[in-house]
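Chemist:
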Amino acid sequence: MTLGPNDAMTRRLDDLRPREECGIFAVYGHEDASKLTYFGLLCSPTQGQESAGIVASDGRNVVEHKSMGLVPDIFREEILQSLRGHMALGHVRYSTTGSSLLVNAQPFRVQHLDRLWPLRTTETW
Numbered sequence: 018m019t020l021g022p023n024d025a026m027t028r029r030l031d032d033l034r035p036r037e038e039c040g041i042f043a044v045y046g047h048e049d050a051s052k053l054t055y056f057g058l059l060c061s062p063t064q065g066q067e068s069a070g071i072v073a074s075d076g077r078n079v080v081e082h083k084s085m086g087l088v089p090d091i092f093r094e095e096i097l098q099s100l101r102g103h104m105a106l107g108h109v110r111y112s113t114t115g116s117s118l119l120v121n122a123q124p125f126r127v128q129h130l131d132r133l134w135p136l137r138t139t140e141t142w
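For the sequence shown, the working numbering assigns the number 18 to the initial residue and increments by one for each residue that follows.
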């Protein structure tokens, strides 16, 4: 038996799929901002599926880690320890557009007036 796109069972299965494609989570003012951001990303329905990243800052320095894959596979304890700062921004990507490449993993960082700033964008607004 083959299920078609209009089959009642197929429609019910589609209703169970996550509707969210990307997700963000941010923490400000906590010494473990990156770790809390990691836990927030874990709660995302997709947990990335494609890629995830966290950028952290102490107000002077900006550090980041992003990779392809699921949140628990990307962020090990030693990586979270290296993401120091009292503010962090995380992003999980499940693309609906664009190629599945590391260059598309977010958050992005931009440099302006000799300072690095975290930037989070998404195509799923």
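The C-beta atom is built at its ideal place from N, Cα and C for all residues, glycine as well.
Within 10 angstroms of its Cβ, does P185 collect 16 or more other Cβ (buried), or is it exposed?
Modeler: The structure shown does not extend to residue 185, since the chain is modelled only from 18 through 142, so no value can be given for it.
Chemist: Pop quiz: R13 and V80 are said to be a contact at Cβ under 8 Å. What is the actual Cβ separation, rounded to whole angstroms?
Modeler: Residue 13 is absent from the model: the chain starts at 18 and stops at 142.
Chemist: So, is W142 buried or exposed, given that buried needs 16 or more other C-beta atoms within 10 angstroms?
Modeler: The residue you call residue 142 lines up with position 125 of the sequence shown. Unreliable positioning characterises W142 in this predicted model, as indicated by a pLDDT of 37, which lies under 50. The coordinate reading is nonetheless provided below. Exposed, by the Cβ-count rule.
Chemist: What's the C-alpha gap between H82 and G76?
Modeler: Translated into positions along the sequence shown, residue 82 becomes position 65. Translated into positions along the sequence shown, residue 76 becomes position 59. Between H82 and G76, the C-alpha separation is close to 17 Å.
Chemist: Do you know whose CA, among L106, I96 and H47, lies nearest G40's CA?
Modeler: On the sequence shown, residue 40 is found 23 positions in, with the first residue counted as 1. The candidate whose alpha carbon is nearest that of G40 is L106.
Chemist: Cα separation between Y111 and L119?
Modeler: Within the sequence shown, the letter at position 94 stands for residue 111. Within the sequence shown, the letter at position 102 stands for residue 119. About 12 Å.
Chemist: Provide the residue span of the beta strand (DSSP E) that contains G40, from first to last.
Modeler: Counting from 1 along the sequence shown, the entry for residue 40 is found at position 23. G40 -> beta strand (DSSP E) spans G40 to Y45.
Chemist: Once you ignore the five residues that flank V44 on each side, which residues in its own chain have a CB closer than 6 Å to its CB?
Modeler: On the sequence shown, position 27 is the one that residue 44 refers to. The answer, listed in chain order, is A50, L53, T54 and A105.
Chemist: If H103 and G46 are in contact, beta carbons under 8 Å, what's the gap, nearest whole angstrom?
Modeler: As a first step, residue 103 is located in the sequence shown; it is residue number 86 there, counting from the start. As a first step, residue 46 is located in the sequence shown; it is residue number 29 there, counting from the start. Indeed they touch by this definition, with Cβ atoms about 6 Å apart.
Chemist: In the DSSP assignment, find the alpha helix (DSSP H) that holds A122 and state where it starts and stops.
Modeler: Locating residue 122 in the sequence shown gives position 105, where the first residue counts as 1. Careful: A122 lies outside any alpha helix (DSSP H) and carries neither H nor E.
Chemist: Taking just the CA atoms, how far does E94 sit from F42?
Modeler: The residue you call residue 42 lines up with position 25 of the sequence shown. The residue you call residue 94 lines up with position 77 of the sequence shown. Their Cα atoms are separated by approximately 18 Å.
Chemist: Count the other CB atoms within 10 Å of the CB of E48; is the residue buried (16 or more) or exposed (fewer)?
Modeler: In the sequence shown, counting from the first residue as 1, residue 48 sits at position 31. Result: exposed.
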